[in-house]
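Residue numbers (this note's numbering): 8 to 328.
The beta-carbon is built from N, C-alpha and C at its ideal position, and this holds for glycine as well.
Just so you know, these numbers come straight off a predicted model, no measurement behind them.
Shown next, in structure tokens, is the structure this report addresses.
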Ligand code: ADE
Ligand code: ZN
């Protein structure tokens, strides 16, 4: 039912969206044994967030060529389009795509963009990219990623972010990378307030000057901060299914999305790493509608907020909703 509502997704990790069967197929082709990362039903298996990061990196290790990313991008966008997504922004990391070798990064990016163009023609879904270093790989790796991002910034590569273990380092350790990305014209977001509390959100806003926050849910533990976020118009990329699957909240009804929205925060809805968390954009909409009795009007408002907060050009934004 909700699959027919047009959706805008701002928080999606490209590798994290890889269907387990896709990763298993690639591993078999390359004779890489990664059977330990799946459960008996063939789903990704992890104990907690930190184990999830290990499983994520093991799955990502089978993606070794630009052609792999071309196939991955097509598979992911086909799934998203089936959920009614018309525009999506994907986190892509040079740490997984070519490392510090800028020419390899360009090849990966080219392959991803070619697949995105194909998906746009086939499924009418538009994709844009956000370069996203991994926090626990450290500030030096993030600098390399920022240099790759600055070299390839433009109408397609539109943003810069930071994912990974929020407990590793401080936002200000990454300020150089965010400053370089901003100077190159990239728009900024950062994972914060998922495994760190309100202070972690405050530090990301203050030290990285981001306009969106990935998750940010734990701002709810400090209502003065919630009011600051609302006042500043900072957009939260909320991923309720991810937070529930990783044990941050026991169910959708306990998730703060409705309270944040009621208090004036600009909220959006995304899946984060859909197969890991047994979700899709259509399922997120269904589960939120049930938990909070939201009607289509609320979802239209959320899609509009998401389109306004998208990092693409004005011209692209005009086309998406
Ligand atoms: N990378 C992929 N999913 C993530 C999440 N939920 N938090 C931080 N880093 C991630
Ligand atoms: Zn994320």
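{"query": "CB of residue 107 within 7 Å of CB of residue 151, strictly", "result": "yes"}
{"query": "Span of the alpha helix (DSSP H), counted from its first residue to its last, around residue 33", "result": "27 to 36"}
{"query": "heavy atom of the ligand ADE below 6 Å from residue 279 C-beta", "result": "yes"}
{"query": "Contact test: residue 32 Cβ vs the ligand ZN heavy atom, cutoff 6 Å", "result": "no"}
{"query": "Collapsed DSSP secondary structure at residue 284 in the structure displayed", "result": "coil"}
{"query": "heavy atom of the ligand ADE below 6 Å from residue 171 C-beta", "result": "yes"}
{"query": "At least three beta-carbon pairs within less than 8 Å, the stretch 67 to 85 to the stretch 112 to 123", "result": "yes"}
{"query": "Burial state of residue 58, where buried means 16 or more other Cβ atoms lie within 10 Å", "result": "exposed"}
{"query": "Of the residues 22, 207 and 195, the one placed nearest residue 216, counting alpha carbons only", "result": "195"}
{"query": "Rounded separation between residue 254 and residue 55 - CA only", "result": "8 Å"}
{"query": "Cβ shell of residue 132 (< 8 Å), same chain only, five flanking positions each side left out", "result": "84, 87, 88, 92, 93, 94, 95 and 126"}
{"query": "Residue 223 to residue 69 span [Cα, whole Å]", "result": "31 Å"}
{"query": "Same chain, Cβ closer than 8 Å to residue 334, neighbours up to 5 away in sequence not counted", "result": "Since the first residue of the chain shown is 8 and the last is 328, residue 334 is not available in this structure."}
{"query": "Residue 311, buried or exposed, once every other Cβ within 10 Å from all chains shown has been counted against 16", "result": "exposed"}
{"query": "Alpha helix (DSSP H) segment containing residue 190, residue limits", "result": "182 to 190"}
{"query": "Heavy atom of the ligand ADE within 6 Å of residue 20 beta-carbon", "result": "yes"}
{"query": "7 Å Cβ cutoff met for residue 181 and residue 138", "result": "no"}
{"query": "Closest residue to residue 280 among 227, 267 and 247 (Cα-Cα distance)", "result": "247"}
{"query": "Burial state of residue 135 (16 or more Cβ within 10 Å)", "result": "buried"}
{"query": "3 or more residues per run - each beta strand (DSSP E) lying fully within the stretch 85 to 118", "result": "92 to 99"}
{"query": "Three or more C-beta pairs below 8 Å linking the stretch 293 to 309 and the stretch 36 to 46", "result": "no"}
{"query": "Whole-angstrom distance between residue 221 and residue 129, CA atom to CA atom", "result": "29 Å"}
{"query": "Buried versus exposed call for residue 43 [16 or more other C-beta atoms within 10 Å across all chains shown]", "result": "exposed"}
{"query": "Of the listed residues 26, 267 and 14, nearest to residue 49 (C-alpha basis)", "result": "26"}
{"query": "Closest residue to residue 268 among 252, 282, 257 and 230 (Cα-Cα distance)", "result": "230"}
{"query": "Reference residue 165; option with closest CA among 11, 318 and 326", "result": "318"}
{"query": "Beta-carbon proximity list for residue 286, same chain, < 6 Å, skipping 5 on both sides", "result": "248 and 278"}
{"query": "Beta-carbon proximity list for residue 172, same chain, < 6 Å, skipping 5 on both sides", "result": "142 and 143"}
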